[in-house]
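Listed in order, the protein sequences are those of chains A and B.
Those letters in the first sequence? Residues 300 to 1013, per my numbering, in order.
Those letters in the second sequence? Residues 294 to 372, per my numbering, in order.
Ideal Cβ placement from N, Cα and C applies to all residues, glycine included.
Please read the structure below before turning to the comments.
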Amino acid sequence: MEDLQQLRQKNLETIFYPKSVAIVGTNKVKGTVPHDILDSILKADFNGIVYPVSPREKSIKGIKAYKYVVDVPDDIDLAILVFPSSVCHMALEQCGQKGIKSVIIISAGYKEVGEAGLKREQQLVAIARKYDMSFIGPNCLGVINTVPETNLNASFAREMPEQGNIGFLSQSGALCTAVLDYASAKHIGFSKFISFGNKADISEIDILYYLMNDEETKVILMYLEEVSDGKALMKAARDVIEKSGKPILIIKSGRTDEGASAAASHTGSLTGKDEICDAAFEQAGIIRCNNIEEMFNKAIAFAYQPPPKSEKIAIITNAGGPGVLTTDAAISTGLKLAKFSEETTSILKKALPATANINNPVDVIGDARSDRYLAAINAAFDDADVAGVFVILTPQSMTDIDTIAADVARIAEGQSKPIYTSFMGQKDVASGIDILQTHKIPHYILPESMCTAFQVVYHFNQNVKTKVRHLSALDNIQVELARKLMDKVHANGRSYIPEVETIEVLETYGLPVPQGKLASTADEAVKIAEEIGYPVVLKVVSDDIIHKSEVKGVELNLGSAKEVKDAWERIHSNVKKAMPDASITGLYVIRMIKGSEEIILGIKRDPSFGPVLMFGLGGIFVEIFKDVSFGVAPLSRDEAMHMLEQTRAFKILKGTRGRNPRDMDSIVDALLRLGQLAVDFPEIEELDINPLFVLDKGQGSVIGDARMILTKTV
Amino acid sequence: MEKNEILTQVKDVVSNVLKVDSSEITDDSNFIFDLGADSMQSVELVAGFEEAFDIEMDQDRALEVQSIQDAVNFIAEYV
């Protein structure tokens, strides 16, 4: 597998930097993909040799055409296949015979059309393996490399984008064309642009690793429709961020999830695929975006400007209202207004009229021309407390918009602090915005987008890029014993494992199990209660009963032998009434825990990301409030603590309104142990600990109830 | 009708419809990969075969025929 990945990296280099390209299956019919791909390559002034390969044509656009790729007398670095899917395999086979290692398969009609297409796709992969080839596609728009030494537009996009330092890769070809059009209007340039289609061979993971080492790429953007291997994506993202410091921004479509509600456990019903994706992306340092505009708003901040060193900004505006709006947006996104030094205010006082506001946000007043903006921006840049400058402009009759834009661009050059702009309006400010965008000054229609972009860049550089991930070794874990127990409970194809047996398994991983035992008679229950001490809880144990409370199978706070015996009778009678056919194994007697906070912990196995952990405030309203967070196992201690911090429950656990702080370390420890259990035992589909009683700080926590669902065996 | 006869007639139809010199057509030629047929011409080929052999072919199956040899075998079922 390692070799295949290395081969793909090597072949990707030739896909992006070919010296010669064959367009296999091209023709003379304008407006068709086979023709337009050749046209794109020629129009972009490709710095290499082009070989049209066409069964019928002797020449296309004045260039000699060859009937077969094997007829080309010279070596070919890259082949672009544009034949119909029914014959693409024949073309690929010839590419292999010709010794071509790098291929882009544009043609559609594969996996996306069903079983027959999937077979054709598998045939392509088999041919590629036979000749050590790698290919992008099929069913894709193609690839663009804007580096002038190459100038390759091997796509049927309408135009070649500007050169830039953003790498964009997309599963959807159509979205690529929309992105190119959007970016073109805003002068956003790209380093590499890749539509990877069905990713039958080269996947987004391979491309991520390629862009990690690509000197032209500073920021990586991706559009994904499916995360086929979430674990690999997380690993690749972590590697890219750790080794290159490049941010990865992803739009992942498909936020809705229909399947969660049918699950048997709380964790199952609270865990949607999209929440898992959110959590996994965040854990891996990926910045998830909801739409193209949001993605590029953030991307240009990363790509164009130096990262801010703090969250403190200076706002320069020519109108009070927009200044206040921007201040509100800044504060609500977690930014702070810088506090100007006396020197700065003194400079501003001299440079601005008496009516100007010389404190932050600086109001240079409606009649301000470029000189006032320049003075204010310079003063802000020079102030030690300012980490970045926001320039707000509203178009008034005397505002020299274009000059201000050009001056902002000039002053930003060589600055170590970022400058972002918002020229508010549309028609009057259009030319000024164009000047800003041409000079790679981030411009935002809304102050909110500007503040969010600043905050995201700051957070990424301060917290994500520098994060060191330690997976702690856990003590007191008995894997072999756990395996024996798991084999036992999994016997006979059982999938629902009730409380007592689940707790036995959890104990082997050092989780805080309650003091208690299973009783088969009332007398035995009393004996156990006296051993562990009153008050106790009695709970029905049955393979047939999932929700014990619903059949009145739980009795709390039993303080004496008589109360235990009475409760024994009541539970049996209740269960008999509610579920006459249920087979009762016995009653579980555990020590009653008081003075604690109830939380829920869980495991759910995701087909793409693997085992996922859930944390949330417990109790009967858990599914209503959905105050839960997720993390992909195994977790680092910091990641587990972050799961707690993401919920509203965190404030309660920290101690509020006279309530004692609870033992959060014990929750973190439980999450780490559960994560390890989930990794070690892939047969665990779902597991609930609900509730976990969390005692005061330093006192630990105790499992109140637990159950697990295992993979069904035949 | 003998397969050899069918083969000769198929090659004639292909040569006429695709406007390819008959010397370029071999028994194994693929209409698209070797002879450059486009989707419209694939439909025209089916019509050409029906007319030449005076038969009516199953359209869906006929369009799956990709080479001279496939066409000969397919038409042999009808004549």
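Proximity test, Cβ basis, 7 Å: residue i and chain B
i, result
"A/P1014", "Because chain A spans 300 through 1013 in this model, residue 1014 of chain A falls outside it and cannot be assessed."
"A/G437", "Before going further, note that residue 437 of chain A is Pro rather than Gly in the sequence given. For A/P437, the answer is no, since every Cβ of chain B falls outside 7 Å of its Cβ."
"A/V386", "yes"
"A/R419", "no"
"A/M1007", "no"
"A/P354", "yes"
"A/P333", "no"
"A/M594", "no"
"A/P351", "no"
"A/P447", "no"
"A/P383", "yes"
"A/M389", "yes"
Proximity of residue i and residue j at Cβ, strictly below 7 Å
i, j, result
"A/V332", "A/V381", "yes"
"A/E897", "A/G915", "no"
"A/P354", "B/D327", "yes"
"A/A364", "A/V402", "no"
"A/P933", "A/V978", "yes"
"A/S406", "A/P437", "yes"
"A/V874", "A/G894", "no"
"A/V863", "A/A828", "yes"
"A/L548", "A/H789", "no"
"A/N450", "A/A343", "yes"
Beta-carbon proximity list for residue i, same chain, < 7 Å, skipping 5 on both sides
i, result
"A/Q998", "D962"
"A/I1002", "I802, L805, L810, P811, V812, P813, I988 and L991"
"A/G347", "P317, K318, S319 and V320"
"A/L303", "none"
"A/V526", "L532, K551, C576 and S907"
"A/D1004", "E798, N989 and P990"
"A/A824", "A818, L837, V863, W867, L886 and V888"
7 Å Cβ cutoff, residue i in contact with chain A
i, result
"B/L338", "no"
"B/L300", "no"
"B/D247", "The requested residue 247 of chain B does not occur in the structure, where chain B is confined to residues 294 to 372."
"B/F342", "no"
"B/I374", "The structure shown does not extend to residue 374 of chain B, since chain B is modelled only from 294 through 372, so no value can be given for it."
"B/L328", "yes"
"B/F346", "no"
Contacting residues, own chain, Cβ-Cβ under 8 Å from residue i (five flanking each side not counted)
i, result
"A/I776", "T807, Y808, G809, R972 and Q975"
"A/R904", "P910, V911, A977, P981, I983, E984 and E985"
"A/V728", "L692, P694, I700 and F722"
"A/I883", "V839, V840, S841, H871 and V874"
"A/Q714", "P605 and F680"
"A/R936", "H769, S771, V967 and L971"
"A/Q754", "E610, T632, G633 and L634"
Test: residue i CB closer than 7 Å to a CB of chain D
i, result
"A/K816", "This model lacks chain D altogether, as its protein chains are A and B."
Neighbourhood of residue i by C-beta, 6 Å cutoff - its chain only, sequence neighbours within 5 removed
i, result
"A/K996", "P960 and D962"
"A/S469", "C475, S494 and Y522"
"A/K517", "N464 and A602"
"A/N677", "none"
"A/N497", "Y409, K410, P437 and N438"
"A/A674", "A650"
Residue i: CB within 6 Å of a non-hydrogen atom of the ligand FMN
i, result
"A/R419", "Of the ligands one can find in the structure shown there are none, so the ligand FMN has no counterpart to examine."
Taking one C-beta from the segment 337 to 351 of chain B and one from the segment 296 to 310 of chain B each time, how about it: are there three or more such pairs within less than 8 Å? yes
Please give me, in chain order, every unbroken run of the alpha helix (DSSP H) with length at least 4 that falls completely inside the segment 908 to 970 of chain A. 921 to 924, 936 to 944 and 948 to 953
Do the segment 609 to 616 of chain A and the segment 630 to 646 of chain A meet, that is, are 3 or more Cβ pairs less than 8 Å apart? In this structure the segment 609 to 616 of chain A touches the segment 630 to 646 of chain A; the number of beta carbon pairs closer than 8 Å is three or more.
State whether the segment 571 to 582 of chain A contacts the segment 651 to 669 of chain A, with contact taken as three or more CB pairs (one from each stretch) at a distance under 8 Å. no
Would you be able to state if there are at least three C-beta pairs under 8 Å between the segment 430 to 446 of chain A and the segment 395 to 412 of chain A? With the cut-off at 8 Å, the segment 395 to 412 of chain A and the segment 430 to 446 of chain A touch.
Quick check: the segment 487 to 504 of chain A against the segment 359 to 370 of chain A, are there 3 or more CB pairs under 8 Å? no
contact_flag[the segment 314 to 334 of chain A, the segment 443 to 452 of chain A] where n(CB pairs < 8 Å) is 3 or more: yes
Report yes or no: do the segment 766 to 776 of chain A and the segment 946 to 954 of chain A share at least 3 C-beta pairs separated by less than 8 Å? For the pair of segments examined, the segment 766 to 776 of chain A was found not to touch the segment 946 to 954 of chain A: the number of CB pairs separated by less than 8 Å stays below three.
Which runs of the alpha helix (DSSP H) at least 4 residues long sit entirely within the segment 330 to 359 of chain B? Give them in chain order. 332 to 346 and 352 to 357
Does the count of Cβ pairs from the segment 712 to 727 of chain A and the segment 681 to 700 of chain A closer than 8 Å reach three? yes
Taking contact to mean 3 or more Cβ pairs, one atom from each stretch, closer than 8 Å, check whether the segment 309 to 316 of chain B and the segment 348 to 355 of chain B are in contact. no
Quick one: which unbroken alpha helix (DSSP H) runs of 4-plus residues sit fully inside the segment 583 to 622 of chain A? Chain order, please. 591 to 603
With a cut-off of 8 Å, do at least 3 Cβ pairs link the segment 454 to 465 of chain A to the segment 335 to 345 of chain A? The segment 454 to 465 of chain A makes contact with the segment 335 to 345 of chain A: 3 or more CB pairs, one atom from each, lie closer than 8 Å.
Just checking, does the segment 758 to 771 of chain A make contact with the segment 498 to 518 of chain A on the three C-beta pairs under 8 Å criterion? no
Which parts of the segment 317 to 396 of chain A are runs of the beta strand (DSSP E), unbroken and 3 residues or longer, counting only runs that do not cross its ends? Unbroken beta strand (DSSP E) stretches of 3 residues or longer found wholly inside the segment 317 to 396 of chain A: 319 to 323, 348 to 352 and 377 to 380, given in chain order.
Is there contact between the segment 583 to 598 of chain A and the segment 535 to 551 of chain A, where contact requires at least three CB pairs shorter than 8 Å? yes
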